[in-house]
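Mapping the sequence shown onto this note's numbering, position 116 (from 1) lands on 116, and the numbers just tick up by one.
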Amino acid sequence: MQDYDITNALKVRVASECPGFAVVDEAWFSEPIDDYNEETPAAYVYLAEDSAEVANELSRRQATAQVYGVFIICETGDTFRAQRHQVREALFGWQPPGSSGVMAFHSGQMQEIRGRYVWWREYWTLETPNALTASRTVTI
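Here it is as C-alpha coordinates:
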(Lines of atoms letter the chains of each structure in order from A and count residues from 1; the text may use other names and numbers.)
(Lines give C-alpha, C1' and ligand atoms only; values in the text may rest on other atoms or scores of the structure.)
Protein backbone atom coordinates (compact mmCIF):
# COMPACT_ATOMS: atom_id res chain seq x y z
CA MET A 1 0.00 0.00 0.00
CA GLN A 2 1.37 3.43 -0.91
CA ASP A 3 1.37 6.40 1.48
CA TYR A 4 0.12 9.51 -0.30
CA ASP A 5 1.46 12.10 2.16
CA ILE A 6 2.48 15.14 0.10
CA THR A 7 3.66 17.36 2.97
CA ASN A 8 7.10 17.90 1.43
CA ALA A 9 5.66 18.68 -2.02
CA LEU A 10 3.24 21.08 -0.35
CA LYS A 11 6.12 22.90 1.38
CA VAL A 12 7.95 23.24 -1.93
CA ARG A 13 4.82 24.50 -3.69
CA VAL A 14 4.04 27.15 -1.08
CA ALA A 15 7.69 28.28 -0.90
CA SER A 16 8.00 28.61 -4.69
CA GLU A 17 4.59 30.15 -5.42
CA CYS A 18 4.22 32.41 -2.38
CA PRO A 19 7.28 34.71 -2.33
CA GLY A 20 5.89 36.85 0.49
CA PHE A 21 6.63 34.23 3.16
CA ALA A 22 9.88 34.57 5.10
CA VAL A 23 9.43 31.03 6.47
CA VAL A 24 7.78 27.95 4.94
CA ASP A 25 8.17 24.72 6.90
CA GLU A 26 6.39 21.69 8.31
CA ALA A 27 4.34 22.59 11.38
CA TRP A 28 5.85 21.79 14.76
CA PHE A 29 2.76 22.91 16.68
CA SER A 30 -0.96 22.30 16.37
CA GLU A 31 -2.25 25.45 18.09
CA PRO A 32 -0.93 29.02 18.37
CA ILE A 33 2.03 29.11 20.75
CA ASP A 34 3.16 31.74 23.25
CA ASP A 35 6.88 31.61 22.49
CA TYR A 36 6.79 31.86 18.69
CA ASN A 37 9.82 33.91 17.67
CA GLU A 38 10.41 32.99 14.01
CA GLU A 39 10.24 35.51 11.18
CA THR A 40 6.89 36.46 9.69
CA PRO A 41 5.04 36.13 7.43
CA ALA A 42 5.28 32.37 7.90
CA ALA A 43 3.45 29.32 6.57
CA TYR A 44 3.52 25.94 8.28
CA VAL A 45 2.01 22.90 6.54
CA TYR A 46 1.00 19.54 7.96
CA LEU A 47 -1.12 16.47 7.29
CA ALA A 48 -4.24 17.07 9.37
CA GLU A 49 -6.49 14.13 8.53
CA ASP A 50 -6.88 11.00 6.44
CA SER A 51 -10.31 9.72 5.47
CA ALA A 52 -11.62 7.09 3.10
CA GLU A 53 -14.71 5.74 1.40
CA VAL A 54 -15.86 2.15 1.70
CA ALA A 55 -13.40 -0.27 0.10
CA ASN A 56 -14.32 -1.84 -3.23
CA GLU A 57 -14.26 -5.58 -2.53
CA LEU A 58 -13.81 -6.61 -6.16
CA SER A 59 -10.87 -4.39 -7.04
CA ARG A 60 -9.44 -4.22 -3.50
CA ARG A 61 -9.18 -0.44 -3.85
CA GLN A 62 -10.30 2.39 -1.65
CA ALA A 63 -10.58 6.07 -2.50
CA THR A 64 -8.96 8.28 0.09
CA ALA A 65 -8.79 11.95 0.96
CA GLN A 66 -6.09 13.76 2.85
CA VAL A 67 -6.74 17.07 4.53
CA TYR A 68 -3.73 19.35 4.89
CA GLY A 69 -3.51 22.28 7.24
CA VAL A 70 -1.64 25.49 6.46
CA PHE A 71 -0.98 27.85 9.36
CA ILE A 72 -0.39 31.44 8.21
CA ILE A 73 1.22 33.70 10.80
CA CYS A 74 1.62 37.35 9.85
CA GLU A 75 0.61 40.92 10.58
CA THR A 76 -3.07 41.79 10.36
CA GLY A 77 -4.55 43.81 7.53
CA ASP A 78 -3.15 43.94 4.00
CA THR A 79 -0.23 41.61 4.77
CA PHE A 80 -2.59 38.91 5.99
CA ARG A 81 -4.93 39.28 3.03
CA ALA A 82 -2.03 39.16 0.55
CA GLN A 83 -0.50 36.02 2.09
CA ARG A 84 -3.82 34.20 2.28
CA HIS A 85 -4.46 35.10 -1.37
CA GLN A 86 -1.03 33.77 -2.41
CA VAL A 87 -1.69 30.43 -0.68
CA ARG A 88 -5.07 30.09 -2.35
CA GLU A 89 -3.64 30.94 -5.78
CA ALA A 90 -0.84 28.40 -5.28
CA LEU A 91 -2.96 25.51 -4.05
CA PHE A 92 -6.41 25.67 -5.62
CA GLY A 93 -6.52 23.16 -8.49
CA TRP A 94 -2.85 22.16 -8.08
CA GLN A 95 -2.11 18.52 -8.90
CA PRO A 96 0.78 17.34 -6.71
CA PRO A 97 3.41 15.14 -8.35
CA GLY A 98 2.37 11.49 -8.36
CA SER A 99 -1.24 12.25 -7.47
CA SER A 100 -4.34 11.68 -9.56
CA GLY A 101 -6.28 14.32 -7.61
CA VAL A 102 -6.11 18.09 -7.28
CA MET A 103 -6.09 20.31 -4.20
CA ALA A 104 -9.46 21.78 -3.20
CA PHE A 105 -10.17 24.41 -0.57
CA HIS A 106 -11.89 22.87 2.45
CA SER A 107 -12.12 25.70 5.02
CA GLY A 108 -10.28 28.48 6.76
CA GLN A 109 -10.60 30.12 10.12
CA MET A 110 -9.04 32.58 12.49
CA GLN A 111 -7.24 30.72 15.26
CA GLU A 112 -6.10 33.74 17.19
CA ILE A 113 -5.15 37.40 16.95
CA ARG A 114 -2.31 38.45 19.25
CA GLY A 115 -1.59 42.14 19.10
CA ARG A 116 -0.81 42.86 15.47
CA TYR A 117 -0.33 39.21 14.50
CA VAL A 118 -2.84 36.80 12.99
CA TRP A 119 -2.78 33.02 13.38
CA TRP A 120 -4.91 31.80 10.46
CA ARG A 121 -5.45 28.14 9.58
CA GLU A 122 -6.66 26.82 6.25
CA TYR A 123 -7.54 23.25 5.37
CA TRP A 124 -7.01 21.84 1.88
CA THR A 125 -8.29 18.50 0.63
CA LEU A 126 -6.66 16.13 -1.83
CA GLU A 127 -8.93 13.33 -3.01
CA THR A 128 -7.17 10.41 -4.62
CA PRO A 129 -9.47 7.92 -6.36
CA ASN A 130 -8.33 4.33 -5.95
CA ALA A 131 -5.43 5.52 -3.81
CA LEU A 132 -5.19 2.51 -1.54
CA THR A 133 -4.75 -0.81 -3.26
CA ALA A 134 -4.18 -4.05 -1.38
CA SER A 135 -0.82 -5.58 -2.34
CA ARG A 136 -1.79 -8.90 -0.80
CA THR A 137 -4.90 -11.05 -0.85
CA VAL A 138 -7.61 -9.47 1.25
CA THR A 139 -9.94 -11.66 3.28
CA ILE A 140 -13.41 -10.21 3.64
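By construction, the Cβ of each residue, glycine as well, lies at the ideal position given by its N, Cα and C atoms.
Just so you know, these numbers come straight off a predicted model, no measurement behind them.
Exercise. Answer with buried or exposed for A113, where buried requires no fewer than 16 other C-beta atoms within 10 angstroms of its C-beta.
Key: What sits at residue 113 in the sequence shown is Ile, not Ala. Per the 10 Å Cβ criterion, exposed.
Quiz item: Where does V24 sit, in a helix, a strand or coil, going by DSSP?
Solution: Here V24 sits in strand by DSSP.
Self-check item: F71, DSSP secondary structure in three states
Solution: Strand, per DSSP.
Exercise. Apply the 10 Å Cβ neighbour rule to I6 and answer buried if 16 or more other Cβ atoms are within range, or exposed otherwise.
Key: So I6 counts as buried.
Quiz item: What's the gap between the Cα of E31 and the Cα of L47?
Solution: Between the alpha carbons of E31 and L47 lies a gap of roughly 14 Å.
Quiz item: With a CB to CB cut of under 7 Å and the five nearest residues on each side skipped, what residues in its chain are close to H106?
Solution: Taking H106 as the centre and dropping the five residues before and after it, the same chain places the C-beta of V67, Y123, W124 and T125 closer than 7 Å to its C-beta, in chain order.
Self-check item: Cβ neighbours of V87 in the same chain (closer than 7 Å, five flanking residues each side left out)
Solution: Result list for V87: V14, C18, A43, V70, I72 and E122, in chain order.
Self-check item: Contact check, T76 vs V118, beta carbons under 8 Å
Solution: Contact flag set, yes.
Exercise. For R121, name the three-state secondary structure that DSSP assigns.
Key: R121 sits in a strand when the DSSP states are folded into three classes.
Self-check item: Residues bridged to A104 (per DSSP)
Solution: Under the DSSP definition of a beta bridge, A104 partners with T125.
Self-check item: Three-way DSSP call (helix, strand, coil) for Q95 in this model
Solution: The answer is coil: DSSP assigns Q95 none of H, G, I, E or B.
Quiz item: Anyone know if the C-beta pair for F21 and Q83 falls short of 8 Å?
Solution: Closer than 8 Å, so yes.
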